[in-house]
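Protein chains in written order, with our numbering: chain A, 1 to 116; chain B, 1 to 110. Data block below; observations after.
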């Protein structure tokens, strides 16, 4: 079954304590991306990756890091979390093939992060 | 100004009604337009996408893009209670930035 998995699903942490949210896909997709979803603001892109070792900033990259060392994994790293990073985070995986890029998209189940 | 604007709703309709969901966008470089459905506590799922201007139909759903007015629409025919969800429009430039609207919450009552 094609899927995007995220861990953890829920996390409560404190300001400044480094954390990593993992994202993994089993579809051999080239393109992966991270979004945060906040009330009234919708989904905003944090970072995206078009392939292994290729990453770029989205609209709200401040305070986040990513890495893409393997095709299937795209972890989101918060080096020093702050309360304004409390949000619902989604990882997504898209096929990199031109003909299927726009109809082969999968989002993970979300990670609800609270930073106290 | 947000690059993709969407009325947050909620939009309440009776079962069987035709639903019209709309977005506007400001960036002329957007080429691909998507509609997603998001149920509560779930990730978005892609419903449809269109390229440039025109219509695309899939079952009860029709997506429409008018690039001259920068207007994106999704029509749902014969709406069902199971269609109750938040609908997100999004626009894409190439393989890069994906920009979402804030989402419209739809409630279809039996």
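Ideal placement from N, C-alpha and C gives every residue a C-beta, glycine not left out. These numbers come from a predicted model, not from an experiment.
- Of the residues A:27, A:74, A:20, the one whose Cα lies closest to the Cα of residue 112 of chain A is A:20.
- Pairing residue 30 of chain A with residue 70 of chain A, the inter-Cα distance amounts to about 10 Å.
- Residue 100 of chain B reaches chain A at 35, 37, 42, 43, 44, 45, counting residues in chain order whose Cβ is nearer than 9 Å.
- Residue environment analysis places residue 101 of chain B among the buried positions, since at least 16 neighbouring C-beta atoms fall within 10 angstroms of its C-beta.
- Between the alpha carbons of residue 41 of chain A and residue 110 of chain B lies a gap of roughly 30 Å.
- Judged by DSSP secondary structure, residue 14 of chain B falls within the beta strand (DSSP E) whose first and last residues are 11-14.
- Taking a Cβ-Cβ cut-off of 9 Å, the neighbours of residue 109 of chain A in chain B comprise 41, 42, 43, given in sequence order.
- When secondary structure is reduced to three states using DSSP, residue 31 of chain B falls in the coil class, being assigned neither helix nor strand.
- At a cut-off of 8 Å, the C-beta of residue 74 of chain A has no neighbouring C-beta in chain B.
- Between the alpha carbons of residue 116 of chain A and residue 104 of chain B lies a distance of about 30 Å.
- Between the alpha carbons of residue 28 of chain A and residue 48 of chain A lies a distance of about 16 Å.
- Assignment of residue 83 of chain B by DSSP, reduced to helix, strand and coil, places it in the helix class.
- Within the DSSP secondary-structure output, residue 54 of chain B pairs in a beta bridge with B:65.
- Going by DSSP, residue 75 of chain B is part of the beta strand (DSSP E) stretching over 71-76.
- By the 16-neighbour rule on beta-carbons within 10 angstroms, residue 44 of chain B is buried.
- Pairing residue 77 of chain A with residue 61 of chain A gives a Cβ-Cβ distance that is not under 8 Å.
- Taking each of B:26, B:75, B:52 in turn and checking the Cα distance to residue 66 of chain B, the smallest one comes out for B:52.
- In the DSSP assignment, residue 51 of chain A falls within the beta strand (DSSP E) that extends over 42-51.
- Taking a cut-off of 8 Å for Cβ pairs, the segment 83-97 of chain A and the segment 16-33 of chain B do not touch, as fewer than three such pairs fall below it.
- Neighbourhood of residue 58 of chain A in chain B, by CB distance below 7 Å: 97, in chain order.
- The C-beta distance from residue 73 of chain B to residue 20 of chain B rounds to 6 Å, short enough to fall under 8 Å.
- Uninterrupted beta strand (DSSP E) stretches at least 3 residues long and entirely within the segment 22-93 of chain A occur at 31-38, 42-51, 54-57, 76-78, given in chain order.
- When C-alpha distances from residue 4 of chain B are compared across A:9, A:43, A:50, the shortest belongs to A:43.
- Here the C-alpha atom of residue 99 of chain B lies approximately 24 Å from the C-alpha atom of residue 7 of chain A.
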